[in-house]
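S.K.: Have a look at the structure that comes next, please.
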Amino acid sequence: MERSFNSVTRPISAQLLFLLITSFLIWPCTEAAAASAAEELLKGFEATPNPSIPFFQPLLNDSSSKFSFGFLRVNSTQLALAVLHVPSSEPLWLANPTTLSRWSDRTKVFFNGSLVISDPRTRMFWSTETQGDKLVLLNNSNLQIQKGLDNSNNVNVPTVLWQSFDFPTNTLVETQNFTSTMTLLSSNGLYSMRLGNDFIGLYAKFDSGSDQIYWKHKALQAKAQIIEGNGPIHVQVDPDGWLGMYQNGTTPVDIESFNSFQRSLDGLLMVRLEPDGNLKAYYWSGSSWVLDYVAIRGTCDLPSPCGSYGLCTPGSGCSCLDNCTELSSGECSSSGPYSNDMCSDPKTQKNDIKVLRREGVEVPFKEWMRYETTPSLEECENACGNNCSCYGAVYNNASGFCYILDYPIQTLLGTGDDSKVGYFKIKEGANKKKINSGLGVGVGLLGGAVLCLIGAVGFGSYKIWRNKKRVNRMLEEETGGVMSGPYKDLGSASFRSIEMCSSGHR
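The sequence shown maps to residues -32 to -1, 1 to 474 in mature numbering (1 follows the signal peptide of the UniProt record, and there is no 0).
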């Protein structure tokens, strides 16, 4: 399966990346193990993870053996309850993706009317809190807790008390309803998909306490109208290759077609919110996952393709806003621990906020961004400078629009129009911490190399003492109160400015 270009990660994304890579290496073992799993679990069932299982320990299969529910091993030592697509070993659903238990014989899963996983050592506990009779896995990958038979309307079917389709993680499969009460969450926890009154929205969580919408698909209402007061909308992945939006009935109020639209496919079709914030659809060809739909086609249109304080220029790729720092591991060194207070401390008079100005930049997804109209760049900067919850602003001299960034600075768009100017705040402490950390590592490596050399040639303790003294002097010179790097204090304003490396920008 195609993997998304991602610049900002969280621990859970690393865990899932590991298991996805591993899945392609050992999926034949998964198929063989799944063949021996049960097709329903009754009250009294209990299981613990087998230490010899490298990847997935099946507990329950659907009748077609295409899907399996069981223990998924994550990062060798952790465990998640998961539903897998057996032919590809691709996880489709996780019971509790934000909190994983240990792969240990003290971790237990049992069914006592509720599906429960318990790890007493980490005090991890998750339960469906139901009183059912059995646990089954349907042929569409839906895990259900059922009870008795529903005889209403002369239809003898079990009553469904709980189902995994009501609690999606990052994936929707065909025939699965996604309602206005649900949230699709990317594996790294940064991005989410939710429904509005008449639209599908993708949102980014940039550690600011509120979500920023960055993609919106509104219902065209060509075949049916959304009637106010007739209930919320829901969406469903159709096996014929489209994402349908509905209010009531079977006529969609909108159709978002895939590449496989109205083509006959034998394999599973799914939609996934990827770690880079893109929404993509795939179908199973029998041997691999084939990309079928991409919501955001341009890399620079993604919410943060170049990371914090990055600059994405179409056709040129990623660089850093300060035009000095080398992009490393998808991040610019200006990024660091975020603060909710982007103002200098008036009590201590400590000026730890620096300002970076950059011409030729534009905000991403500006149609969804908050803006004010100001008569000048100076007033736009003041609107942000006097607002302690403002991280930056971008001013358009042509329109007078002042876009306020009330979340930590992510990736900006590069443009050749110098009338679009960015003003960005940076906490000095975060940058200094990174530089001092790198210096410490460098000095440590230097000291180790010196000691090895002295031991090899048999020199005495005098030379060891002399080299240590030299290293200490280097540390004193490097940390004597002036931060190294490309930033220079240009004045005594309330915020200090950062000088651009290129003379073409201010």
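In this text, a Cβ means the ideal position worked out from N, Cα and C, and glycines have one as well.
If you reduce the DSSP assignment to three classes, tell me which class N108 lands in.
M.R.: Correct three-state label for N108: coil.
S.K.: Roughly how many angstroms separate the alpha carbons of G245 and K184, rounded to a whole number?
M.R.: If you take the alpha carbons of G245 and K184, they lie about 13 Å apart.
S.K.: Beta-carbon within less than 7 Å of E444's beta-carbon, same chain only, minus the 5 sequence neighbours each way: which residues are those?
M.R.: Below a pLDDT of 50, predicted positions are generally treated as unreliable, and E444, at 39, falls in that range; no measurement from the model is reported.
S.K.: Here's the rule I'm using: 16 or more other beta-carbon atoms within 10 Å means buried, otherwise exposed. How should I85 be labelled?
M.R.: I85 is buried by the Cβ-count criterion.
S.K.: May I have the straight-line CA-CA distance separating S36 from P17, to the nearest angstrom?
M.R.: When rounded, the distance between both Cα atoms is 15 Å.
S.K.: Alpha carbon to alpha carbon, how far is Y375 from C356? Give it in angstroms, no decimals.
M.R.: The straight-line gap from Cα to Cα measures roughly 11 Å.
S.K.: Quick one: give me the first and last residue of the alpha helix (DSSP H) that C348 is part of.
M.R.: Here the alpha helix (DSSP H) through C348 covers L345 to G353.
S.K.: Could you spell out the range, first to last residue, of the beta strand (DSSP E) harbouring P126?
M.R.: Looking at the DSSP string, the run of the beta strand (DSSP E) that includes P126 is V125 to Q131.
S.K.: Would you check whether the ligand MN has a heavy atom nearer than 7 Å to the C-beta of R325?
M.R.: The ligand MN is not part of the structure shown, which contains no ligands of any sort.
S.K.: Skipping 5 residues on each side, what residues in its chain have a beta carbon closer than 7 Å to that of G116?
M.R.: These residues qualify, in order along the chain: D101, P126 and T127.
S.K.: Hey, out of A63, M92 and R41, whose CA is closest to W71's CA?
M.R.: Here the closest residue by C-alpha is R41.
S.K.: Where F146 and N43 are concerned, what is the direct C-alpha to C-alpha distance, given to the nearest angstrom?
M.R.: Distance between the alpha carbons of F146 and N43: 30 Å.
S.K.: Check whether the Cβ atoms of G360 and F333 sit closer than 8 Å, and answer yes or no.
M.R.: Against a cut-off of 8 Å, the Cβ pair of F333 and G360 comes out as no contact.
S.K.: Considering only the alpha carbon of each residue, which of P243, L68 and A187 lies closest to L153?
M.R.: Taking only the C-alpha atoms, the option nearest L153 is P243.
S.K.: Can the beta-carbon of Y261 be found less than 8 Å from the beta-carbon of N227?
M.R.: Cβ distance < 8 Å, so Y261 and N227 count as in contact.
S.K.: Can you tell me where the beta strand (DSSP E) holding N364 begins and where it ends?
M.R.: Per DSSP, N364 belongs to the beta strand (DSSP E) from G360 to N364.
S.K.: Does DSSP classify E335 as helix, strand or coil?
M.R.: The answer is helix: DSSP assigns E335 an H, G or I state.
S.K.: Y214 and P220 - do their beta-carbons sit closer together than 8 Å?
M.R.: Contact flag set, yes.
S.K.: If I measure Cβ to Cβ from Q230 and keep anything under 6 Å in the same chain, skipping five residues before and after, which residues do I get?
M.R.: Cβ within range, chain order: D208.
S.K.: Compute the distance between the beta-carbons of A48 and P22, then report whether it is under 8 Å.
M.R.: It is not a contact, given that the beta carbons lie outside the stated cut-off.
S.K.: Output the boundary residues of the beta strand (DSSP E) element that contains Q25.
M.R.: Here the beta strand (DSSP E) through Q25 covers F24 to N29.
S.K.: Can you tell me the Cα-Cα spacing of P271 and C370, whole angstroms?
M.R.: So the alpha carbons of these two residues sit roughly 19 Å apart.
S.K.: Which of helix, strand or coil does DSSP assign to R434?
M.R.: Bear in mind that the predicted position of R434 carries a pLDDT of just 45, short of 50, making it too unreliable to give a figure here.
S.K.: Note down the Cα distance separating L158 from L236, rounded to an integer number of angstroms.
M.R.: Taking the straight line from one Cα to the other gives about 26 Å.
S.K.: Please report the distance separating the alpha-carbon of F24 from that of Y363.
M.R.: Roughly 52 Å between the two C-alpha positions.
S.K.: Tell me where the beta strand (DSSP E) around P59 begins and ends.
M.R.: Element bounds for P59: E58 to L62.
S.K.: Nearest to M310 by alpha carbon, out of K322, C300 and E299?
M.R.: Closest by alpha carbon: K322.
S.K.: Considering only their Cβ atoms, is the gap separating L247 from residue 546 smaller than 8 Å?
M.R.: Given a span of -32 to 474 for the chain in the structure shown, any question on residue 546 remains unanswerable.
S.K.: Specify, as a first and last residue, the run of the beta strand (DSSP E) that Q180 falls within.
M.R.: D179 to K186 is the span of the beta strand (DSSP E), which, as asked, contains Q180.
S.K.: Is it buried or exposed for K395, if we count other Cβ within 10 angstroms and need 16 for buried?
M.R.: Under this definition K395 is a buried residue.
S.K.: Please list the terminal residues of the continuous beta strand (DSSP E) segment that includes N145.
M.R.: Counting along the chain, the beta strand (DSSP E) containing N145 begins and ends at N145 to T147.
S.K.: Given N198, which residues of its chain have a CB within under 7 Å of its CB, disregarding the five upstream and five downstream residues?
M.R.: Excluding positions up to five away in sequence, the list reads Q215 and N216.
S.K.: Of the residues S32, E330, D166 and M337, which one's Cα is nearest the Cα of P55?
M.R.: Checking every option, the nearest Cα to that of P55 belongs to S32.
S.K.: What is the DSSP secondary structure of D87, reduced to helix, strand or coil?
M.R.: Three-state result, D87: strand.
S.K.: Rank S109, L106, F79 and A172 by C-alpha distance to the C-alpha of E97 and give the top, closest one.
M.R.: With distances taken between Cα atoms, E97 lies closest to F79.
S.K.: Does DSSP classify C286 as helix, strand or coil?
M.R.: Note: C286 maps to strand in three-state DSSP.
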